[in-house]
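Numbering (the numbering used here), first residue to last: 12 to 380.
Cβ atoms here follow ideal geometry from the backbone N, Cα and C, with glycine treated the same way.
Here is the structure we will look at.
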Amino acid sequence: MDKLEYETSKRYLVSGIEVHSEIVSDQETPEYRAFHISSSCASQRWGKRTLGFSLTCYKNTATDIMNTLESARFKEVERIIKIESGELPEGGPVFLGVQIQGPTGKAINALALPDLSLSASLLGQEIIDFLELSPLQRSSFQEQAVSLPLFKIVISSGTTRVETMVAASAHGSPACILGGDFFQKALRGKEYIVTELVMPDDRRALANAARCKKRNVLIAGKYGEHRFRLERIKQALSTLNFIGLILDEYPDIEEQPLAEKMVTYASICRFVIVDDFVPSGHIDELAICRERKFVTAILRPGGKASTAMQAEIADEVQFMEEFSYVLDAEFEARVLDAARWADETVCERARRLNRRYSGWRAPDKIVRS
């Protein structure tokens, strides 16, 4: 197929706003053609606003790839204008990455959005053909925007794996619309999450914070060329069933400075582990941990601080502890020692605070997690 069938760079003028649309990549295989579209326009808030979008077109006689591409580009133009004007929320919809597998074993990775007004999930006919799905026995199932027959598929995301129904649809993008049957099965045994969805935002945030406090650990240290050390800590923590969080993996809240972002994450984490290998911004983060009394384990090669200004930061307090190692091969073992110490310190703190505040704390008066 001639890849010059479309303009790589194109400008649209809609509602008086000029939008630049560019095809950043175009990957073609015998089974599909995948595009990445970048749309940008002038923005009073950001100077320049840019959105990315991925489009996958599976090849069959019913698919006009160029018309589908042009339609997707124009929809993205309309979306970026609506976001800039405030008609759509900043950041757009939050997609869920899923794997969709058919009975033959064929599978694709796709983005998905929920629609609880439907029971069955939706897929484009080209994906149904690609996965070689066979229709189930016809039923009386009828819903708007759903064309029978129904098909059985397995949808996975993270540790969740659900066998559900899907129907063919010409809804466009994203590739998959997740219906109520998927969520009903995925949330079976987790009904408390459904309850939290109808709570006020502040109550829901508090419940999530309490849940994060059980397993999440904030990891601080040097990024850039030394970031792999933070990943080593994260991997070691996983062997103890802890979830390591590295701040640069998470988006900012635009009203927050970086120090406040660190405090937010440290507050919802069980404890903090700091890799004090070389000087970096973690020096300020150590001071914050000391000031806020976050339970903090500090890893130091040879027991030597990366800067003399923080050499004594763990002295004379019970909620900070230094863990020294000599050989690099000892690093992971010391991470585990640090995590065990920190976890027990948090448990002891909880016991002490429960006794101290027994006048108003009780098992039925703490946040359930």
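Exposure label - Leu80; buried when at least 16 CB within 10 Å | As a working mapping, residue 80 is identified with position 69 in the sequence shown. Buried.
Would you check if the segment 188-206 and the segment 281-292 touch, i.e. whether three or more CB-CB distances between them fall below 8 Å?
-> no
Cβ pair Ile188, Cys223 closer than 8 Å = Locating residue 188 in the sequence shown gives position 177, where the first residue counts as 1. Locating residue 223 in the sequence shown gives position 212, where the first residue counts as 1. It is not a contact, given that the beta carbons lie outside the stated cut-off.
Counting pairs of beta carbons, one from the segment 75-95 and one from the segment 48-64, are three or more of them closer than 8 Å?
-> yes
If you draw a straight line from the C-alpha of Val35 to the C-alpha of Val285, how long is it?
-> As a first step, residue 35 is located in the sequence shown; it is residue number 24 there, counting from the start. As a first step, residue 285 is located in the sequence shown; it is residue number 274 there, counting from the start. Each residue's alpha carbon lies about 39 Å from the other.
DSSP-derived helix/strand/coil call for Val157 = In the sequence shown, counting from the first residue as 1, residue 157 sits at position 146. Any reading at Val157 must be qualified, since the residue scores a pLDDT of 44, below 50, and its modelled position is unreliable; the value itself is stated next. In the three-state reduction of the DSSP assignment, Val157 falls in the coil class, being assigned neither a helical nor a strand state.
Since I believe Leu310 is in contact with Val346 (beta carbons under 8 Å), could you give me their beta-carbon distance rounded to a whole number of angstroms?
-> The count along the sequence shown starts at 1 and reaches residue 346 at position 335. The count along the sequence shown starts at 1 and reaches residue 310 at position 299. That pair is a contact at about 7 Å.
Assigned secondary structure, Gln246 (DSSP; H/G/I helix, E/B strand, else coil) | Sequence index remark: in the sequence shown, residue 246 carries index 235 (1-based). It is helical.
Specify, as a first and last residue, the run of the beta strand (DSSP E) that Gln112 falls within.
-> In the sequence shown, counting from the first residue as 1, residue 112 sits at position 101. Run containing Gln112: Leu107 to Gln112, per the beta strand (DSSP E) assignment.
Counterpart residues of Tyr69 in DSSP-defined beta bridges | Your numbering for residue 69 matches position 58 in the sequence shown. Paired residues: Tyr43.
Span separating the alpha-carbon of Lys70 from that of Glu260 = The count along the sequence shown starts at 1 and reaches residue 70 at position 59. The count along the sequence shown starts at 1 and reaches residue 260 at position 249. Near 35 Å, if we compare the C-alpha coordinates of Glu260 and Lys70.
Give the C-beta separation of Ser132 and Met176 to the nearest angstrom, bearing in mind that I take them to be a contact with Cβ-Cβ under 8 Å.
-> In the sequence shown, the residue the question calls residue 132 occupies position 121. In the sequence shown, the residue the question calls residue 176 occupies position 165. Indeed, because the Cβ distance is near 7 Å, the residues count as touching under 8 Å.
Cβ-based neighbour list, Gln112, same chain, cut-off 6 Å, excluding 5 preceding and 5 following = Residue numbering aside, residue 112 sits at position 101 when the sequence shown is read from its first letter. Excluding residues within five positions, the ones whose Cβ falls inside 6 Å are Ala118 and Val165.
Which ranges would you report for the alpha helix (DSSP H) in the segment 236-309 if only whole runs of at least 4 residues count?
-> For the segment 236-309, the continuous alpha helix (DSSP H) assignments of 4+ residues that do not extend past its boundaries occur at 238-249, 269-279 and 293-303, in sequence order.
Mind pulling the alpha helix (DSSP H) runs of 4 or more residues that sit fully within the segment 121-148?
-> 136-141
Per DSSP, what kind of secondary structure is Asp424 in: helix, strand or coil?
-> The structure shown does not extend to residue 424, since the chain spans only 12 to 380, so no value can be given for it.
Report the option in Ala178, His182, Lys21 and Ala353 whose CA atom is closest to the CA atom of Leu147.
-> The residue labelled residue 147 in the question sits at position 136 within the sequence shown. Per the Cα distances, Ala178.
For Ser145, count neighbouring C-beta atoms within 10 Å of its own C-beta (all shown protein chains included) and say buried if the count is 16 or more, exposed if not.
-> The residue given as residue 145 occupies position 134 in the sequence shown. By the neighbour-count rule (16 or more Cβ atoms within 10 Å), Ser145 is not buried but exposed.
Count the C-beta pairs between the segment 215-222 and the segment 324-331 that are closer than 8 Å, then say yes if the count reaches three, no if not.
-> Cβ pair count under 8 Å is below three, so no.
Nearest-angstrom Cα separation, counted from Ala308 out to Arg360 = By 1-based counting over the sequence shown, the position of residue 360 is 349. By 1-based counting over the sequence shown, the position of residue 308 is 297. Computed Cα separation, rounded: 15 Å.
Could you give the DSSP three-state label for Ile230: helix, strand or coil?
-> One-based indexing of the sequence shown puts residue 230 at position 219. Residue state, collapsed to three classes: strand.
Decide yes or no for the touch test of the segment 253-269 against the segment 208-218: beta carbon pairs closer than 8 Å, at least 3 of them.
-> no
In its own chain, which residues sit with a C-beta less than 8 Å from the C-beta of Gln329, not counting the 5 before and 5 after it?
-> Here residue 329 refers to the residue found at position 318 when the sequence shown is read from its first residue. Only Thr356 meet the Cβ criterion.
Span separating the alpha-carbon of Thr40 from that of Cys68 | Translated into positions along the sequence shown, residue 40 becomes position 29. Translated into positions along the sequence shown, residue 68 becomes position 57. Straight-line Cα distance between these residues: approximately 10 Å.
Run the CB neighbour count on Met320, radius 10 Å, all protein chains shown included, and call it buried at 16 or more, exposed below.
-> As a position in the sequence shown, residue 320 is number 309, starting the count at 1. The residue in question, Met320, is exposed, as its Cβ has fewer than 16 Cβ neighbours within 10 Å.
Three-state secondary structure assigned by DSSP to Tyr368 = Residue numbering aside, residue 368 sits at position 357 when the sequence shown is read from its first letter. If DSSP states are grouped into helix, strand and coil, Tyr368 belongs with coil.
Just checking, does the segment 184-198 make contact with the segment 120-127 on the three C-beta pairs under 8 Å criterion?
-> yes
Outcome for Met331 when other beta-carbon atoms lying within 10 angstroms are tallied against a minimum of 16 = Working through the sequence shown from its first residue, we reach residue 331 at position 320. That one is buried.
Which whole-angstrom value is the C-beta distance of Ser26 and Ser50, which I expect to be below 8 Å?
-> On the sequence shown, position 15 is the one that residue 26 refers to. On the sequence shown, position 39 is the one that residue 50 refers to. About 14 Å; that fails the 8 Å criterion.
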